[in-house]
Amino acid sequence: MKKTTNRRPTRSRTIIGSTVLLGLALLPAGCGKRETSAPGSDLGAPAAVQTIGVSFETLQTEFWVAALKAFETELARRNIRMLQAVADGDANRQIEQVRNFITRKVDGIIMVPKDARACIPVIKAANAANIPIVMFNRPAAESDARSVAVVADNFTLARDTVAFLVAQARKAGGQHKALHLIGDLGDINAIGRRDGFDAAVSNATDVIEVVARVPTEWNNEKAYAGVVNALQKHPDIRLIFTPSDLHLPAIASALRNAGKWHKRGEPGHVLLAGFDGDATAYQMLVDGYLDATGVQDVFFEVEASIQAVLDARAGKALPATILDRGFVIHAGNLQEKAPRMWGAKK
Amino acid sequence: MNPERQRLAMRALDVAPLVLFAVVLAGFGALSPSFLLPANLLNVLVQSSATVIVATGMTFVLLTAGVDLSVGAIMFVAAAVSGKLLLAQGWNPWLVVAGIIALGGVCGWLNGLLIARLGLIAFIATLGTQYVGRGFGMWLTETRAMNLPETFTRLASNRLAGVPGPVLVAALVVLAAHLVLQRTPLGRQIYAIGQDAVAARKAGVNVRSTLRGVYVLCGLCAGLGGAVALAQIGSVAPTFGANKEFAAIAAAVLGGTSLFGGRGRVWPGTVFGAVLIQGIENGLNHLNADPYLYPLITSGIIFLAVLLDSGRGQLQRTLGRRRIRPD
Chain A
2 MKKTTNRRPT
12 RSRTIIGSTV
22 LLGLALLPAG
32 CGKRETSAPG
42 SDLGAPAAVQ
52 TIGVSFETLQ
62 TEFWVAALKA
72 FETELARRNI
82 RMLQAVADGD
92 ANRQIEQVRN
102 FITRKVDGII
112 MVPKDARACI
122 PVIKAANAAN
132 IPIVMFNRPA
142 AESDARSVAV
152 VADNFTLARD
162 TVAFLVAQAR
172 KAGGQHKALH
182 LIGDLGDINA
192 IGRRDGFDAA
202 VSNATDVIEV
212 VARVPTEWNN
222 EKAYAGVVNA
232 LQKHPDIRLI
242 FTPSDLHLPA
252 IASALRNAGK
262 WHKRGEPGHV
272 LLAGFDGDAT
282 AYQMLVDGYL
292 DATGVQDVFF
302 EVEASIQAVL
312 DARAGKALPA
322 TILDRGFVIH
332 AGNLQEKAPR
342 MWGAKK
Chain B
552 MNPERQRLAM
562 RALDVAPLVL
572 FAVVLAGFGA
582 LSPSFLLPAN
592 LLNVLVQSSA
602 TVIVATGMTF
612 VLLTAGVDLS
622 VGAIMFVAAA
632 VSGKLLLAQG
642 WNPWLVVAGI
652 IALGGVCGWL
662 NGLLIARLGL
672 IAFIATLGTQ
682 YVGRGFGMWL
692 TETRAMNLPE
702 TFTRLASNRL
712 AGVPGPVLVA
722 ALVVLAAHLV
732 LQRTPLGRQI
742 YAIGQDAVAA
752 RKAGVNVRST
762 LRGVYVLCGL
772 CAGLGGAVAL
782 AQIGSVAPTF
792 GANKEFAAIA
802 AAVLGGTSLF
812 GGRGRVWPGT
822 VFGAVLIQGI
832 ENGLNHLNAD
842 PYLYPLITSG
852 IIFLAVLLDS
862 GRGQLQRTLG
872 RRRIRPD
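Read top to bottom, the protein sequences are chains A and B. All residue numbers for the first sequence refer to my numbering, where the first residue is 2 and numbers rise by one. All residue numbers for the second sequence refer to my numbering, where the first residue is 552 and numbers rise by one.
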């Protein structure tokens, strides 16, 4: 008779298992807990600013990775030591990490806040410790806490990008049915881009009719399903705007399956524009499938953030918000603008 | 309430999820006639096929009173590895699909090891592997999107006798799962473990090995579901598979699977649940609804379905109670 071996697991096994699992979990994902220092010599650093703590909410998009690399490069160039922390999307963890920067008496803090409100106490803590703090790419909610926000002008950039698309629609002639993808409704950047789209098309009702609005929650599967559904309902859609280049491959796949994947100038081409300026967008511009994208100038935002810390340390007055105007890139200015497009960098 | 009335109420609650499903479809159909066109209904099936497959695996796990929070991460890891194999190594797409499924199985085996062998709580163990998986996938992709070649994405647009590939794959998975759960000793053992693991062990069921098998199965389904979704989207992004575990759990629970184990079916329950979730999204797209209404309507319908299921559970307990005093 076969012996049954369903013994209860021993306590020690459970403890060993838990420890191993916890260790594994903290290994790659736990970059949230980990803080690393980028290379940077203290020798040439300005006397007032030797160390800056940089806290990212997540590295889950290419944009954040490009920004982090730009910080490493720029801070190393200025001989400033960088402490970095990534919170893996956890607002509480991020607050702990920034408090840790304050305890270590860094000379400045640059933070991509996970939550516009949750970061306010930590901004106040930095204020109390007299450490300048800069919000990178996402502003904090309004309060009496003092910080400088370096943010893309999402509204204007989205409006200008869509205005370019509208001009192309006018050139092509006829009424264009439009599909508008909307990002995460809880993200202030997504809202700015949505409003920018609305502002651009509100003046172009003679050529644009928005027939579908699809919230994507920054999720490609939702974006893909939304585009397929919209094309099912309105096979004559001729214009698509996505608030992030992240969704471009999903849109391409949906258009390809619907037999609508054509280059600029070819019959049946669907006017397509994005936002961000990532590597996929650059390649699609080069290949002729994308009409335009609004590029967030990562390099400007990084330089402005670091400069804001230096200026605050030097006692200079700073505005509450420094705007990155970005730029619209399209086939007509690709050669000229590509060097400032972060997605075009190898 | 007399027993006859209770039985009638029970029967009504049994069919309530299906009635809800029909009401939702009819409602969207009335508001937007194009919603009920055969092409669109097929479209809903294609879009829900990945969730159906993942939720099928999740149903097995839930039936044992467990949970697997790592399925979305497994999808991402499998997608990241397949992206590398397709783009850097130039592997044959079919070989890559086999690799994705196998990788899912390995991840499921790891979960099984942690839960059945080391005795970790399923919630904690799979939360841990979710972190590990996401971290590993991010490291592998360096947070860059990988756009897959058409040789791979064509797999999703293939049809057999007019049936889209993803729907066919999902149907085969559901059929196999249904047969296993309803017609085999393994299926009965899974239900028994979910009802009472100690009693099942005393009755001679090898609880550990069954649990291991269930998590492997769930991993295989996650891998396959990932392959189906990936072939449709054609790109590996860092958010691929994000929150898929919640969609899979919601589909199973909507279909009547109990979170406490021992009760539920893949067919029709989980399948209807998954199709209902996708149908709601599709219907809202067709109506061009206000984006702010999406979460409200989706969660409202899910809440209603869970409420009906809870009512059914309560009534079931009432019917099962011994009556001491005659009416």
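Beta carbons are placed, not taken as given, at the ideal position from N, Cα and C, and that holds for glycine.
Inset, instruction - Return the CA-CA distance between GLU97(A) and PHE301(A), expressed in angstroms with no decimal places. - result: 28 angstroms
Inset, instruction - May I have the straight-line CA-CA distance separating PRO236(A) from GLY260(A), to the nearest angstrom? - result: 10 angstroms
Inset, instruction - Tell me whether PHE823(B) sits in a helix, a strand or coil according to DSSP, three-state version. - result: helix
Legend entry - Cross-strand partners of ASN698(B) (DSSP beta bridge): SER786(B)
Inset, instruction - Using a Cβ-Cβ cut-off of 8 angstroms, state whether ALA345(A) counts as contacting chain B. - result: no
Legend entry - Supposed contact pair ASP298(A) and GLY327(A) - C-beta distance, whole angstroms, cut 8 angstroms: 5 angstroms
Inset, instruction - For the alpha helix (DSSP H) holding LEU324(A), just list the boundary residues, first then last. - result: From DSSP, LEU324(A) is part of no alpha helix (DSSP H) but of the beta strand (DSSP E) over 322-325.
Inset, instruction - Determine the direct distance from the alpha carbon of GLU267(A) to that of LEU771(B), and round the result to whole angstroms. - result: 43 angstroms
Legend entry - chain B residues whose Cβ lies nearer than 7 angstroms to that of GLY227(A): ASN836
Inset, instruction - Specify, as a first and last residue, the run of the alpha helix (DSSP H) that GLN85(A) falls within. - result: Careful: GLN85(A) lies outside any alpha helix (DSSP H), inside the beta strand (DSSP E) at 82-87.
Legend entry - Neighbour flag for ILE189(A) against chain B, beta carbons, 8 angstroms: no
Inset, instruction - Could you pull out every unbroken beta strand (DSSP E) segment of at least 3 residues lying fully inside the region 577-614 of chain B, listed in chain order? - result: none
Inset, instruction - Give every residue of the same chain whose Cβ lies closer than 7 angstroms to the Cβ of PRO789(B), excluding the five residues on either side of it in the sequence, and list them in chain order. - result: MET689, THR692 and THR694
Inset, instruction - Measuring alpha carbon to alpha carbon, tell me which of THR610(B), VAL622(B) and ARG562(B) ends up nearest LEU775(B). - result: VAL622(B)
Inset, instruction - Would you mind reading off the limits of the beta strand (DSSP E) that contains LYS178(A)? - result: 177-183
Inset, instruction - Measure the alpha-carbon distance for LEU847(B) versus ALA67(A) and round it to whole angstroms. - result: 35 angstroms
Inset, instruction - Return yes when the Cβ of ALA856(B) is within less than 8 angstroms of the Cβ of ILE828(B), no when it is not. - result: no
Inset, instruction - Name, in chain order, the residues that DSSP records as bridge partners for HIS729(B). - result: DSSP, once it has assigned bridges, lists no residue as partnering HIS729(B).
Legend entry - Short Cβ contact (8 angstroms threshold) for VAL135(A) with VAL310(A): yes
Legend entry - For GLY175(A) and ALA332(A), the rounded distance between their alpha carbons: 22 angstroms
Legend entry - Boundaries of the alpha helix (DSSP H) in which PRO736(B) is found, first to last residue: 736-746
Inset, instruction - Give every residue of the same chain whose Cβ lies closer than 6 angstroms to the Cβ of ASP161(A), excluding the five residues on either side of it in the sequence, and list them in chain order. - result: VAL329
Inset, instruction - In angstroms with no decimal places, state the Cα-to-Cα distance between ALA46(A) and VAL303(A). - result: Low per-residue confidence applies at ALA46(A): pLDDT is 46, beneath 50, and the placement is therefore not dependable, though the value from the model is reported in the following sentence. For ALA46(A) and VAL303(A), the distance between alpha carbons rounds to 18 angstroms.
Legend entry - VAL271(A) versus ALA293(A): straight-line alpha-carbon distance, rounded: 12 angstroms
Inset, instruction - Look up GLY90(A) in the DSSP assignment and say whether it is helix, strand or coil. - result: coil
Legend entry - Beta carbon of MET83(A) nearer than 8 angstroms to that of ILE110(A): no
Inset, instruction - Return helix, strand or coil for ALA750(B), following the three-state DSSP convention. - result: helix
Inset, instruction - Throw me the rounded Cβ distance for the ALA629(B) and GLY777(B) pair, which I believe falls under 8 angstroms. - result: 5 angstroms
Inset, instruction - Go ahead and pull the three-state DSSP assignment for ALA293(A). - result: strand
Inset, instruction - To the nearest angstrom, report how far apart ILE666(B) and ALA743(B) are at their CA atoms. - result: 18 angstroms
Legend entry - At least three beta-carbon pairs within less than 8 angstroms, the region 655-664 of chain B to the region 635-647 of chain B: no
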